[in-house]
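Report on the following structure.
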Amino acid sequence: QKEVEQDPGPLSVPEGAIVSLNCTYSNSAFQYFMWYRQYSRKGPELLMYTYSSGNKEDGRFTAQVDKSSKYISLFIRDSQPSDSATYLCAMTNRQFYFGTGTSLTVIP
Amino acid sequence: GAVVSQHPSWVICKSGTSVKIECRSLDFQATTMFWYRQFPKQSLMLMATSNEGSKATYEQGVEKDKFLINHASLTLSTLTVTSAHPEDSSFYICSASSGGDEKLFFGSGTQLSVL
Chain D
1 QKEVEQDPGP LSVPEGAIVS LNCTYSNSAF QYFMWYRQYS RKGPELLMYT
51 YSSGNKEDGR FTAQVDKSSK YISLFIRDSQ PSDSATYLCA MTNRQFYFGT
101 GTSLTVIP
Chain C
1001 GAVVSQHPSW VICKSGTSVK IECRSLDFQA TTMFWYRQFP KQSLMLMATS
1051 NEGSKATYEQ GVEKDKFLIN HASLTLSTLT VTSAHPEDSS FYICSASSGG
1101 DEKLFFGSGT QLSVL
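Just so you know, the sequences run in chain order D and C.
Reading the first sequence from the start, the letters are residues 1 to 108 in the numbering used here.
Reading the second sequence from the start, the letters are residues 1001 to 1115 in the numbering used here.
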């Protein structure tokens, strides 16, 4: 079993839709959880960073961590074409583990 | 957020030559830096972990004599692809950890094309 599982998509939504991206993990020792956005031929950009369980909101983005279910989510409200990218989840217990990334396209 | 600068952003070289890629943490000290390789539409593949002042730890299957990593200071790590061949053509990305808060920041990546 992989440490981190993420549906690769692709996911295609109309502009203005709410997007839900998810990852599951197997290691209960993970304490720090991150979401990255990666545009084509660019390095990943840190979007959201959460320590332990709970929610964190930043503008149109909300990150949720449910440690009891070993499940993390990223919600994007009022999605825009500029949100079209690959989204990677990541988590760490001193060693970093990444999901495979979900490709998102927001259609104008 | 913290800034990690990676240069060059792209490089084209002839087969058999060596290429050096630099990764700098601009506004924080990075005791640990990581090097990844990424193929089109695929996820990041960790190549090696680089700690300042010590030898890099390479992932299984990564040739340490081909991919030389030097982490001479707390703000600079370099990856040298030695005797590059066309199969080494790929997108290489570095990242740096800011330490205690376990945040990881990435460089902008380097597209290497070996002719």
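Note that beta-carbon positions come from the ideal geometry of N, C-alpha and C, so glycine has one too.
Alpha carbon to alpha carbon, what distance is there between residue j and residue i?
i	j	result
C:Leu1076	D:Gly54	35 Å
C:Thr1132	C:Tyr1092	Residue 1132 of chain C lies beyond the residue range present for chain C, which begins at 1001 and ends at 1115; the question has no answer from this structure.
C:Lys1066	C:Phe1105	25 Å
C:Val980	D:Glu15	With chain C running from 1001 to 1115 in the structure shown, residue 980 of chain C is simply not present.
D:Pro44	D:Phe33	15 Å
C:Gly1100	D:Phe61	25 Å
When DSSP labels each residue in this structure, what does residue i get in the three-state scheme?
i	result
C:Glu1052	coil
D:Pro14	strand
D:Asp58	strand
C:Glu955	Within the shown structure, residues of chain C are numbered from 1001 to 1115, placing residue 955 of chain C beyond reach of any answer.
D:Asp66	strand
D:Ser73	strand
C:Ser995	Because chain C is modelled from 1001 through 1115, residue 995 of chain C falls outside the range shown and cannot be assessed.
D:Ser79	coil
D:Asn93	coil
C:Arg1024	strand
C:Ala1002	coil
Checking the sheet assignment: what are the DSSP bridge partners for residue i?
i	result
D:Tyr49	D:Met34
C:Leu1115	C:Leu1115 pairs with nothing; no bridge assigned.
Leaving out five residues before and five after residue i in sequence, what residues of the same chain have Cβ atoms less than 8 Å from its Cβ?
i	result
C:Leu1026	Ala1002, Val1003, Val1004, Ser1005, Thr1075
D:Ser28	Lys67, Lys70
Residues in its own chain within less than 7 Å of residue i by CB, not counting five upstream and five downstream?
i	result
D:Val4	Cys23, Tyr25, Cys89, Met91, Tyr97, Phe98, Gly99
D:Leu21	Ser73, Leu74, Tyr87, Thr102
Which residues in the same chain as residue i place their Cβ atom closer than 6 Å to its Cβ, once the five residues preceding and following it in sequence are excluded?
i	result
C:Arg1024	Ser1005, Thr1075, Leu1076
C:Asn1070	Thr1078
C:Ser1113	Ile1012, Ser1089
D:Tyr39	Ala85
Open item on the list: If the cut-off is 7 Å on Cβ atoms, which residues from the region 1096 to 1111 of chain C count as contacting chain D, listed in chain order?
Closed with: Glu1102, Lys1103, Leu1104, Phe1105, Phe1106, Gly1107, Ser1108, Gly1109, Gln1111
TODO: For the region 9 to 34 of chain D, enumerate the residues whose C-beta is nearer than 8 Å to any C-beta of chain C, in chain order.
DONE: Gln31, Tyr32, Met34
Task: Residues of the region 1024 to 1045 of chain C whose Cβ lies closer than 7 Å to any Cβ of chain D, in chain order - done: Ser1043, Leu1044
Task: chain D contacts made by the region 1075 to 1094 of chain C, where a contact means CB separation under 9 Å - done: If the cut-off is 9 Å between Cβ atoms, the region 1075 to 1094 of chain C has Phe1091, Ile1093, Cys1094 near chain D.
Task: Proximal residues, the region 70 to 90 of chain D versus chain C, C-beta separation under 8 Å - done: Leu88, Ala90
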